[in-house]
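Accompanying notes for the structure given below.
In my numbering, the protein residues as written are 1 to 254.
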């Protein structure tokens, strides 16, 4: 005789199956719908990319350093550089190299380096008696005729850093003239623009008069390559020094 299961037992089994199905759904949620992928723009060919680099290395006979690494090292290198992005090129401009000096210019520089007499004419000989009206009224500053006031203003505001300095202490007038001539010629040959001349205050001279101070400042007003000069600040020499701005000189063919 067939016996039927109690209805209570049937309901408990149905509830158990439903609970089991719900647990499975919680443990294995349905996959989220895939998002549409954005279309990738084709990258332009890189003239300095791997093929070009390999071709350049092959033409020179040099092996690519990356190919010399072990596979594990290459994998580590790629993993380390995975977040590195190349810099964007923003207005890069190549500066042309300066033309090489001519044999005459090289010979002149060699002669100057060993102390031989220069083949180029010296700076114009300045008179000890000439005094311009500007210096006679105020020798603290000087501006060459034809130069704008901004030249002197930039020099006073330290827009030009001092690139070289000459100390004339212990020199008489003739020695100071020769040393100043050689110094300025060297500065012009090497393209220096702002230099300082230390002439001293002259209070320790025999007659108590600042001889070199007046002489140096008179000479500078007569040299066409001196655009302007101003008396130095106290921390740069004060009344015993001047800093001057020289004319920019370009070599032939530049």
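Just so it is clear, CB atoms sit at the ideal spot from N, CA and C, and this is done for glycine as well.
All values derive from a computational prediction rather than experimental measurement.
Coarse secondary structure for residue i, derived from DSSP in three states
i: residue 190; result: coil
i: residue 169; result: coil
i: residue 142; result: strand
i: residue 164; result: strand
i: residue 102; result: coil
i: residue 176; result: helix
i: residue 23; result: helix
i: residue 86; result: coil
i: residue 68; result: helix
i: residue 184; result: helix
i: residue 81; result: coil
i: residue 110; result: helix
i: residue 74; result: helix
i: residue 121; result: Confidence at residue 121 is low in this model, with a pLDDT of 46, below 50, so the placement of that residue is unreliable and no value is reported for it.
Classification of residue i by the beta-carbon crowding that lies within 10 angstroms, buried from 16 upward
i: residue 17; result: exposed
i: residue 147; result: exposed
i: residue 199; result: buried
i: residue 19; result: exposed
i: residue 243; result: buried
i: residue 107; result: exposed
i: residue 218; result: buried
i: residue 231; result: buried
i: residue 139; result: buried
Element boundaries [alpha helix (DSSP H), containing residue i]
i: residue 153; result: 149 to 156
is_contact[residue i, chain E] using C-beta, thresh 9 Å
i: residue 138; result: You won't find chain E in this structure, because it holds only one protein chain.
Backbone CA spacing between residue i and residue j [nearest angstrom]
i: residue 239; j: residue 150; result: 23 Å
i: residue 236; j: residue 190; result: 23 Å
i: residue 155; j: residue 186; result: 21 Å
i: residue 174; j: residue 103; result: 33 Å
i: residue 83; j: residue 70; result: 22 Å
i: residue 247; j: residue 188; result: 8 Å
i: residue 72; j: residue 162; result: 55 Å
i: residue 88; j: residue 80; result: 21 Å
i: residue 209; j: residue 245; result: 27 Å
i: residue 25; j: residue 15; result: 15 Å
i: residue 227; j: residue 158; result: 15 Å
*Let me know the alpha helix (DSSP H) ranges lying completely inside the segment 196 to 253, each 4 residues or longer, listed in chain order.*
The segment 196 to 253 contains these whole alpha helix (DSSP H) runs: 211 to 222.
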